[in-house]
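Quick note on numbering: the sequence shown equals residues 18 to 396 in our numbering.
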Amino acid sequence: MKIGILVGMENTFPPALIEKINGMDAGVTAEYVKVGGVKIEDGNEYRLIFDRISHEIPFYRSYLKHAVLNGTIVVNNPFWWSADEKFFGYSLATKLGVAVPKTILLPQRSYKQGVTDESLRNLEFPLDWDAIVEHIGLPAILKPHDGGGWRDVYKVHSLHELWQCYDTTSTLAMTLQEFIDFTQYVRCYCVGKKHVLVMPYDPHNRRYVPREESPIDPDIEARIIRDTILINESLGYDFNTVEFAIKDGVPYAIDFTNPAPDADIWSVTEPYFNWVLDAVSEMLVDYALNSTPSLRYHRWNKWLNIENGQDLPSTAGEIAHDIVLGVEQVAHRASDVISEVIESLTEPIKPRRARKTAGDATKSSKSSRTTKSTKPPKK
């Protein structure tokens, strides 16, 4: 029985993970995945694949989806990973009762070639920038609605500074988020949706801090662990990081869709690295030996419209179904997979056109920024 590790340029965590798994003598071996041209009728030699790079390599993502259909367990789920984004995550966390900063999704500053006025007729134009800033407050954080690695993240202190930063964002859909003036900041690994490591973190210098240098109140830490598990159970991620900014005793979830989190020993430091190495290796071996190959997905309608005070469905409505019992059953479930995963997840985030044209976006962000209007652009 084999575990395949799919990696990018990281060079400390993957080899240590392979060595750790192979040294466990559990009847499972680990190796780097090797893949070339993939035939649709191909099976897969791996019981489980641990994915660290498919978000950057579309070929890998498609290969992993094919592997799932052929009975391979993939960590993290490539179907959900293809559909999630940070603004949805903030909305979800709010419904789950997790504290989240006030957040607004902004239209793109410009659009790819070929997008016309007719493509943007549903747009409010121009944006009511004054109302947006009044709701969020200043300073605020402008960052992509999707992505990571601290790329294209700006702290803005005025409306003028917001416009200046927004004008550099090109085709990125952005969010404007309330700045939490935190007294403490933590990043948490979550492994297997149940094991949590809370690590004090300095986001200004992007370094981890020893726990003895930044002790965490036990009650706050208990809430952080609870919220971390709840978020990952709901998103279905088996390996993820969640970041919290703590202010006035309240941990605000700042970032929590990181299904290929940094695990390099030189950045996370050796004590935290060793914890992650042990937890992930044990999870992968356990999944390989004990999990039924299945396409797991969420029936979102069972729990996304949660009323205040209403209990969450067990494990956030996750339903596992074995799709490797034969071609007939695969075909039978295919329509459910498409309707429940693709439509329920992708459709809500499709309408991203929000400005008239690239040229008009420039006008809006400069000469018309403070004009209030609810009229769509003329056709």
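Glycine included, every Cβ here is placed at the ideal spot set by N, Cα and C.
By the DSSP assignment, the beta strand (DSSP E) with residue i in it spans what residues?
i    : result
D163 : Unbroken run through D163: none, as it is neither H nor E.
L123 : 120-123
N93  : No beta strand (DSSP E) contains N93, which DSSP labels as neither H nor E.
P268 : 267-272
K172 : 171-173
Between residue i and the rest of its own chain, which residues show a CB-CB distance below 7 Å, the 5 nearest in sequence each way excluded?
i    : result
V55  : Y80, H83
I237 : I263, G266, P268
R204 : M216, Y218, T258, E260
D163 : E102, K103
M18  : G44, V45, R64, A305
V52  : Y80
What does DSSP give as the partner residues of residue i in its beta bridges?
i    : result
E62  : According to DSSP, E62 bridges with nothing at all.
I20  : A47, L65
R204 : M216, E260
R224 : D219
Helix, strand or coil, according to DSSP, for residue i in the structure here?
i    : result
M191 : strand
D219 : strand
E360 : Confidence in E360 is poor, its pLDDT being 45 and thus under 50, which makes the residue's placement too unreliable to answer from.
I263 : strand
R138 : coil
R126 : coil
A116 : coil
S231 : coil
I197 : coil
R372 : Only weak support exists for where R372 lies, its pLDDT of 42 falling under 50; the coordinates are left without a value.
D255 : coil
S284 : helix
D147 : helix
E27  : coil
S99  : helix
Please report the residue range of the alpha helix (DSSP H) in which residue i lies.
i    : result
L155 : No alpha helix (DSSP H) contains L155, which DSSP labels as neither H nor E.
L181 : The sequence shown places Gln at residue 181, rather than the Leu named in the question. Start and end: 176-183.
G107 : A small correction: the amino acid at residue 107 is Tyr; Gly does not occupy that position in the sequence shown. Segment 103-112, the alpha helix (DSSP H) holding Y107.
V302 : 287-307
R243 : 235-252
N275 : From DSSP, N275 is part of no alpha helix (DSSP H); its letter is neither H nor E.
A84  : 75-86
I38  : 30-39
Can you give me the Cβ contacts of residue i inside the same chain, cut-off strictly under 6 Å, excluding the 5 residues immediately before and after it?
i    : result
V293 : Y206, A280
V150 : L176
I271 : E260, A262
V213 : C205, C207, I242, T245
N61  : A84, N87, T89
Leaving out the 5 sequence neighbours to the left and right, which residues in its chain are closer than 8 Å to residue i when beta-carbon positions are compared?
i    : result
I70  : L23, V24, G25, Y77, A277
V285 : M216, Y225, D279, V293
D234 : G266
I197 : P118, A262, K264, Y269, I271
I38  : I20, V45, T46, A47, S298, L301, V302
E195 : P118, K119, T120, I153, G154, A157, I158
Worksheet item: For the segment 274-288 against the segment 25-41, are there 3 or more C-beta pairs whose distance is under 8 Å?
Response: At 8 Å Cβ cutoff, the stretches touch.
Fill in: Contact between the segment 167-176 and the segment 107-127 (3+ Cβ pairs under 8 Å)
no
Worksheet item: Are the segment 244-259 and the segment 223-235 in contact at 8 Å, needing three or more beta carbon pairs?
Response: no
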